[in-house]
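The structure under discussion appears below in the form of C-alpha cells.
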Amino acid sequence: MLGKQALASGILMTTIIGTTFTLVAPAVNASTEVLAVGSTALQPLAEQAGTSFQATKTGVTVNVQGGGSGAGLSQVGSGGVTIGNSDIFAEQKAGVDSSKLKDNKVAVVGIAPVVNRDVKVNNLKASQLQAIFTGKITNWKQVGGQNQKIVLITRADGSGTRVTFDQAVMQGKNEAQAQSQDQNGAVQKIVAQTPGAISYLAFSYTKGSAAAGLKSLSIDKVKPNTANVTTNKWKIWAYEHMYTTSQPDKNTAAFIKYMKSPAVQKKLLGKLGYIQISQMHVEKDSSGKVTKLK
Numbered sequence: 001m002l003g004k005q006a007l008a009s010g011i012l013m014t015t016i017i018g019t020t021f022t023l024v025a026p027a028v029n030a031s032t033e034v035l036a037v038g039s040t041a042l043q044p045l046a047e048q049a050g051t052s053f054q055a056t057k058t059g060v061t062v063n064v065q066g067g068g069s070g071a072g073l074s075q076v077g078s079g080g081v082t083i084g085n086s087d088i089f090a091e092q093k094a095g096v097d098s099s100k101l102k103d104n105k106v107a108v109v110g111i112a113p114v115v116n117r118d119v120k121v122n123n124l125k126a127s128q129l130q131a132i133f134t135g136k137i138t139n140w141k142q143v144g145g146q147n148q149k150i151v152l153i154t155r156a157d158g159s160g161t162r163v164t165f166d167q168a169v170m171q172g173k174n175e176a177q178a179q180s181q182d183q184n185g186a187v188q189k190i191v192a193q194t195p196g197a198i199s200y201l202a203f204s205y206t207k208g209s210a211a212a213g214l215k216s217l218s219i220d221k222v223k224p225n226t227a228n229v230t231t232n233k234w235k236i237w238a239y240e241h242m243y244t245t246s247q248p249d250k251n252t253a254a255f256i257k258y259m260k261s262p263a264v265q266k267k268l269l270g271k272l273g274y275i276q277i278s279q280m281h282v283e284k285d286s287s288g289k290v291t292k293l294k
C-alpha cells in the first residue's frame with residue numbers, strides 16, 4: 001500500500017509501508033530548450049518570435065541572449081548553443097568551420113549612423129563619415145554643425161554590426177580608438193545621453209521611445225530606410241542569419257521554420273524595423289559583393 005509522495009529540489013521522496021526510498025527525479029530534457037545566442041541586432045525579433053513560438057509548443061522554451069555575432073558563431077560551432085544569431089556570414093568569422101553549419105537567413109537589417117538628437121547635422125558625405133570614424137574630423141563644425149566635440153562610440157570587435165559598417169564605410173581603414181560597446185541597446189542609450197555623440201545602430205534600434213534621444217543621418221542625401229536598402233541605394237545592410245548545426249534537434253528546426261513563416265515575416269519584421277529577404281532586389285555574398293537579382 002502506497003503512502004504519501006513529495007517532490008522537492010528534484011528529489012522524489014516515496015513512503016511505502018513506513019519505509020522511505022529516495023529516487024532521483026529525471027532531469028529536464030535539454031532538447032526542450034532552444035538556446036539562441038549572438039547578434040543583438042537580431043535579438044528583438046528573435047525574442048518576440050520566441051515568445052509567440054512558445055505559445056504554440058507546450059513544454060518548449062526559447063532562450064534568446066546577446067553577446068555579439070562572433071560569440072554566437074563560436075558557440076554554435078562548438079555545440080554550446082542550438083542557434084548562433086549573426087549579422088555576418090560564418091565564413092567571415094575566424095576559427096569557425098562554416099562547412100559544419102547550416103545558414104538560415106531570416107531577415108535583412110539596415111544599419112544607420114546615429115547621433116545625439118541635439119547635433120545640428122542631418123546628412124554627411126560618405127567621406128566625412130569615414131573621416132569621423134578614423135578620427136580625422138573631431139568637431140561637428142567641420143561638417144556644418146555646431147562648435148562641439150564629436151564623441152565616438154564604437155562597437156566591440158566581435159560585433160557583426162561593426163563588421164557590416166566597416167565593410168561598407170571604412171573600406172579597409174581602422175576605426176579610431178574610442179569608447180566601445182558590444183550591444184546595440186547600450187549604444188542606443190549612450191548616444192541618446194551623450195552630447196555630440198555618434199555611433200551606428202541596426203534600424204530596429206532607431207525606432208520607438210527608447211530611441212527618442214537620437215536621430216539617424218542620411219549619407220550623400222540618401223535616407224536610411226527600407227526602400228533604399230532593398231535596392232542597395234543604402235549600402236549599410238546585412239542578412240540576419242540563424243546558424244544551426246547541419247542536423248538541428250526537432251525543436252530548433254521547428255523554431256527556424258517558424259521564423260520563416262508568415263506569422264513572423266509578414267507580421268513582425270516590418271513592425272520591428274527588419275526587411276523580408278523576398279523584398280530585396282539585390283543579394284550580397286560574404287565578401288560584400290552585391291549582385292542585382294533578375
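Its first residue numbered 1, the sequence shown is counted upward by one per residue in the UniProt record's numbering.
Glycine is no exception: its CB is placed at the ideal position from the N, C-alpha and C atoms.
Next on the checklist: By alpha-carbon positions, which one of G208, N228, S209 and L201 ends up nearest to S216?
Outcome noted: On the sequence shown, position 216 is the one that residue 216 refers to. Of G208, N228, S209 and L201, the residue nearest in Cα terms is L201.
Item to check | Local conformation of V191 per DSSP, three classes | outcome: Looking up residue 191 in the sequence shown gives position 191. Helix.
Item to check | Whole-angstrom C-beta distance between L129 and V169, which should lie under 8 Å | outcome: In the sequence shown, residue 169 corresponds to position 169, counting from 1. In the sequence shown, residue 129 corresponds to position 129, counting from 1. V169 to L129, Cβ: 6 Å. Contact.
Checklist entry - When we look at the beta-carbon of A27 and count the other beta-carbons within 10 Å, is it buried (16 or more) or exposed? => result Locating residue 27 in the sequence shown gives position 27, where the first residue counts as 1. Any answer about A27 is weak, because its pLDDT of 30 lies below 50 and its placement is not dependable; what the coordinates show is given next. When all chains shown are included, A27 counts as exposed.
Checklist entry - What first and last residue would you give for the alpha helix (DSSP H) that runs through Y258? => result As a first step, residue 258 must be located in the sequence shown, where it is residue number 258. Start and end: K250 to M259.
Next on the checklist: Could you compute how far the alpha carbon of residue 321 sits from the alpha carbon of A192?
Outcome noted: The chain is shown from 1 up to 294; residue 321 falls before or after that span and cannot be answered.
Checklist entry - So, S180 versus T154, is the Cβ gap smaller than 8 Å? => result The residue you call residue 180 lines up with position 180 of the sequence shown. The residue you call residue 154 lines up with position 154 of the sequence shown. Yes. Within cutoff.
Checklist entry - Nearest to N184 by alpha carbon, out of Q65, E33 and V60? => result Along the sequence shown, read from residue 1 onward, the residue named residue 184 stands at position 184. Of the listed residues, the one whose Cα sits closest to N184 is Q65.
Checklist entry - With respect to the beta strand (DSSP E) encompassing N116, which residues constitute its N-terminal and C-terminal limits? => result Residue numbering aside, residue 116 sits at position 116 when the sequence shown is read from its first letter. K105 to N116 is the span of the beta strand (DSSP E), which, as asked, contains N116.
Item to check | Beta-bridge pairing of G67 - partner residues as DSSP gives them | outcome: The residue you call residue 67 lines up with position 67 of the sequence shown. As a beta-bridge residue in DSSP terms, G67 pairs with G38.
Next on the checklist: Please identify the residue among N174, V119, G95 and V60 whose C-alpha is closest to the C-alpha of G135.
Outcome noted: Numbered from its first residue, the sequence shown carries residue 135 at position 135. Comparing Cα-Cα distances from G135 to each of N174, V119, G95 and V60, the minimum goes to N174.
Checklist entry - Any idea which residues DSSP pairs H281 with across the strands? => result Mapped onto the sequence shown, residue 281 falls at position 281. None, per the DSSP bridge assignment.
Checklist entry - If you draw a straight line from the alpha carbon of H241 to that of T164, how long is it in whole angstroms? => result Residue 241 sits at position 241 when you count from the first residue of the sequence shown. Residue 164 sits at position 164 when you count from the first residue of the sequence shown. For H241 and T164, the distance between alpha carbons rounds to 13 Å.
Checklist entry - Would you call the CB atoms of A263 and S52 closer than 8 Å? => result The residue labelled residue 263 in the question sits at position 263 within the sequence shown. The residue labelled residue 52 in the question sits at position 52 within the sequence shown. Yes, they are a contact pair.
Checklist entry - Could you give the distance in angstroms between the alpha-carbon of L293 and the alpha-carbon of Q146? => result By 1-based counting over the sequence shown, the position of residue 293 is 293. By 1-based counting over the sequence shown, the position of residue 146 is 146. In this model, L293 and Q146 are separated by some 43 Å (Cα to Cα).
Checklist entry - Going straight from the alpha carbon of K149 to that of Q188, what length do you get? => result The sequence position of residue 149 within the sequence shown is 149, counting from 1. The sequence position of residue 188 within the sequence shown is 188, counting from 1. About 19 Å.
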